[in-house]
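Protein sequences, first through last, are from chains A and B. No gaps in the numbering here: position 87 of the first sequence is 161 in the numbering used here, and each next residue is one more. No gaps in the numbering here: position 87 of the second sequence is 161 in the numbering used here, and each next residue is one more. We put the CB at the ideal spot given by N, CA and C, even for glycine. See structure below.
Protein chains: 2
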Amino acid sequence: MRDVAAEAGVSVKTVSRVVNNERWVSGEVTDRVERAIRKLGYRPDARARAMRNSGLAGRTLGVVHADLANPFFTAVHSGIEAVAQEAGCTILTASSRDKTDNQDRLIQTFNDRRVDGFIVVPAVDTTYGSSSALDEEIERSTPIVFIDRRYGEQNDFVRSDNVAGAKMAAEHLVAHGHQRIAYLGDHPNLWSAQRRELGYVEALGASGVDIDERLVLTGLYDEAAAASAAEQLLELDAPPTAFFAAKNYLAVGVVRALHRLGKQNDIAVVGFDEIALADLVVPGITTIPQNAPALGRIACELLLDRLDNGRTEPIEEVVPVTLIRRGSGEVAGPFATDRP
Amino acid sequence: MRDVAAEAGVSVKTVSRVVNNERWVSGEVTDRVERAIRKLGYRPDARARAMRNSGLAGRTLGVVHADLANPFFTAVHSGIEAVAQEAGCTILTASSRDKTDNQDRLIQTFNDRRVDGFIVVPAVDTTYGSSSALDEEIERSTPIVFIDRRYGEQNDFVRSDNVAGAKMAAEHLVAHGHQRIAYLGDHPNLWSAQRRELGYVEALGASGVDIDERLVLTGLYDEAAAASAAEQLLELDAPPTAFFAAKNYLAVGVVRALHRLGKQNDIAVVGFDEIALADLVVPGITTIPQNAPALGRIACELLLDRLDNGRTEPIEEVVPVTLIRRGSGEVAGPFATDRP
DNA sequence: AGTATCCCTGACAACGATGTCAAGTGCACT
DNA sequence: AGTGCACTTGACATCGTTGTCAGGGATACT
């Protein structure tokens, strides 16, 4: 910047004025400075810039995902990125791999970089117990938006309609003649998992179907866990005739188990979340996809709203879900009527 | 920091010394300062820190992906992230969505943030033509590592063994009795796509199989393009009996087309890249997965090597690939012998 | 002529940290 | 007592930028 000033024969402050399009700079000087800038290939240092005025220079947002390897979160991220790029924000992204330790360290790191706000999908073990780092940020009222998993009651929160989605799944299976419907869920303390289980319970209750506790398994994290859980359930004296798998990986695990056992056409499956190639498997996998990009987009918009408009009262946004029939959810159960 | 100094009754410089574990600070003062730091919850500003000494404070790396929505790049990213976190680096990530414009803007943005180095998967239209932003970085010898797509000859470059992988695919299909093997490829100017086509051509040549130019289609970017290309090829008078799809999305498109036509058990398919649920489709999709996390890991290590050890001569790292049989690649062709 | 107003510019301090240098303690050695 | 060395601390300049304020020239008003 000094070099530019020297080249143009003006002071550094004037260069700053030209760069920032401030008023009251004569056209001739502006020209000289702009020529000098181009000649020397000068670009302002966003860090130094941000040190003085925390607003005008592009904002920086910190995004902490639970697990970026999961395509659901990748899709969420694309929504965030779209809005952030549109608004000229830089985003720092990282994945906690569902460990509160990692998550808290990342928040610290982002804080050292003085991000203007956070978008967080709390790690699975953060949703019970708690995170000192998150508590601290909330305490000092850093703008922060949560996605998918609730953290506290007074914070911005963007989520899918988990209860409604789970109800749709359970009702769909009941309508296709199933009464013994197994529920496979993620960690029981995970907020979204609780909501899905609640939807399952409510829907079955409303349909007058008794719930067999032995068919409700939670604490399942990955494909392998879901697959072996499914296999065990199918060995019961009164095995389930249908599965509701409340997360993408779990549905894949169930389907894989059914294929191993050759029962994919006898047992029904509905999975929460979208699954790639779900339509190519035979039978196709019936799913309840979330509108993941919308979750990300809305979260980013809420954050920018806090940042730009100084909003402080918390907002909760709910995105609807729908069920997509592909075959696995339409396998007829023992109580099926002709036309479900 | 000033507050901490006041609280501890020392100068700011002494606080700095404590924070940085410099020698020659008395134990008593260290204690006082550390207590003050904890009491006030002080954390040093990484940006201000980086302004003076470009090294000691955590480095910042800029990662520009071509398309983060593609699971291949997501997997690459997890490798980068693992190494970067290990080394205490922060990474700025963004996706160019395969547009040079976006890519160049991102590089500018990262530059404004004064990142210490770049990891780049050049946008597809950067690999011909060129990118002024990339050229400029190379010109001023910014540390930079390319992944998957070559950019220039004198830069670090990490890639899979595309030629060998494509040869494996073609030879595998020939060994299963196929002679009319279609090649579906990405943009013809994309480096990795060229290499895969080369492998295909060489393998067929070595096997004494004539190449029918009508079976070689390139410039296909997504599933839909590959699906309709496959359908058109199958309407030829002499249709292909096998497909080599040189990218994950293209293989999915072909498989989808075959399923629509009910020919999935008659026409063989081998796909480059891994595909989720490839084993659950019937027949399973034979693929040549890349070791994506390794690509990311190595790239990040190379970058850190440039940064820490000041290496300047370019290194090219090649990661091997293997073929995984799942069924679709083993569909017998018209010239099949008993035991391929 | 005096002065109020607009317009343009630059000197200087600040942001939050570290590098440099000099000064101040002790202590052991000549 | 004087010198040298090891240790400990702080004042100050610096990184690259912007906010504040003051100053100067032109123009238009009393």
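Item to check | Through-space distance from arginine 214(B) to arginine 123(A), alpha-carbon basis | outcome: 23 angstroms
Next on the checklist: By the three-class DSSP mapping on this structure, what secondary structure does alanine 301(B) have?
Outcome noted: helix
Checklist entry - Which residues in the same chain as alanine 161(B) place their Cβ atom closer than 7 angstroms to its Cβ, once the five residues preceding and following it in sequence are excluded? => result Leu378
Checklist entry - Among residues of its own chain, excluding the 5 on either side of methionine 242(B), which ones have a beta-carbon nearer than 7 angstroms to its beta-carbon? => result Ile362, Leu397
Checklist entry - Can you tell me whether DSSP reads isoleucine 154(B) as helix, strand or coil? => result helix
Item to check | With 16 other Cβ atoms within 10 Å as the buried cut-off, status of lysine 87(A) | outcome: exposed
Next on the checklist: Taking its Cβ as the centre, do 16 or more other Cβ atoms sit within 10 Å of proline 414(A), making it buried, or is it exposed?
Outcome noted: Caution is warranted here: a pLDDT of 49 is assigned to proline 414(A), below 50, making its placement in the model unreliable, and the coordinate value is therefore given only provisionally. Exposed: under 16 other Cβ atoms inside 10 Å.
Checklist entry - Should glutamine 228(B) and alanine 207(B) be called a contact, given that it needs their Cβ atoms to be closer than 8 angstroms? => result no
Checklist entry - Would arginine 371(A) count as contacting chain B if we go by Cβ distances under 8 angstroms? => result no
Next on the checklist: Run through chain B and tell me which residues come within less than 9 angstroms of valine 89(A), C-beta to C-beta.
Outcome noted: By Cβ distance, chain B contributes nothing, its closest Cβ being about 16 angstroms from valine 89(A), past 9 angstroms.
Checklist entry - Under 9 angstroms Cβ-Cβ, which residues of chain A neighbour aspartate 119(B)? => result Met125, Asp186, Arg187, Arg188
Item to check | Where the alpha helix (DSSP H) containing leucine 376(B) begins and where it ends | outcome: 366 to 383
Checklist entry - What is the rounded straight-line gap between the Cα of isoleucine 343(B) and the Cα of proline 262(A)? => result Note that residue 343(B) is valine in the sequence shown, not isoleucine. The alpha-carbon atoms of valine 343(B) and proline 262(A) are separated by roughly 42 angstroms.
Checklist entry - So alanine 406(B) and histidine 250(B) are in contact, right, with Cβ under 8 angstroms, and what is the actual spacing, rounded? => result 6 angstroms
Item to check | Local Cβ density within 10 Å of threonine 200(A), reported as buried at 16 or more and exposed below that | outcome: buried
Item to check | Nearest-angstrom beta carbon gap, isoleucine 389(A) and leucine 376(A) [assumed within contact, 8 angstroms] | outcome: 6 angstroms
Checklist entry - Out of Ile165(A), Ser169(A), Cys163(A), which has the shortest C-alpha to C-alpha gap to phenylalanine 147(A)? => result Ser169(A)
Item to check | Under the three-state DSSP convention, the category leucine 247(B) falls into | outcome: helix
Item to check | Continuous beta strand (DSSP E) assignments of at least 3 residues falling wholly in the stretch 218 to 272 of chain B | outcome: 218 to 221, 230 to 234, 255 to 258
Checklist entry - Mind checking if proline 363(A) is an interface residue toward chain B, Cβ cutoff 8 angstroms exclusive? => result no
Next on the checklist: Taking CB distances under 8 angstroms as the criterion, tell me whether glutamate 305(B) reaches chain A.
Outcome noted: no
Checklist entry - Would you report the Cα separation of phenylalanine 346(B) and alanine 82(A), rounded to the nearest angstrom? => result 55 angstroms
Item to check | CB of aspartate 172(A) within 8 angstroms of CB of alanine 197(A), strictly | outcome: yes
Next on the checklist: Strictly by DSSP, which residues pair up with glycine 345(B)?
Outcome noted: Ala319(B), Thr361(B)
Item to check | Distance, alanine 280(B) Cα to glutamate 391(B) Cα | outcome: 26 angstroms
Item to check | Residues of the stretch 213 to 225 of chain B whose Cβ lies closer than 7 angstroms to any Cβ of chain A, in chain order | outcome: none
Next on the checklist: Beta-carbon within less than 6 angstroms of alanine 277(B)'s beta-carbon, same chain only, minus the 5 sequence neighbours each way: which residues are those?
Outcome noted: Lys241, Ala244, Glu245
Checklist entry - Should lysine 321(B) go down as buried or exposed, given a rule of 16 or more other Cβ atoms within 10 Å for buried? => result buried
Next on the checklist: Taking its Cβ as the centre, do 16 or more other Cβ atoms sit within 10 Å of asparagine 94(A), making it buried, or is it exposed?
Outcome noted: exposed
Checklist entry - Looking only at DSSP bridge pairs, what is valine 138(B) linked to? => result Ala168(B), Val194(B)
Item to check | For isoleucine 398(A), the three-state DSSP class (helix, strand or coil) | outcome: strand
Item to check | From His252(B), Trp265(B), Thr386(B), Ala312(B), residue whose alpha carbon lies closest to that of phenylalanine 409(B) | outcome: His252(B)
Item to check | Euclidean distance between Cα positions of arginine 399(B) and glutamine 364(B) | outcome: 14 angstroms
Checklist entry - DSSP on valine 355(B), reduced to helix/strand/coil? => result strand
Next on the checklist: For leucine 369(A) and leucine 180(B), what's the separation of their Cα atoms in angstroms?
Outcome noted: 24 angstroms
Next on the checklist: Using DSSP's beta-bridge definition, name the partner residues of leucine 291(B).
Outcome noted: Leu258(B)
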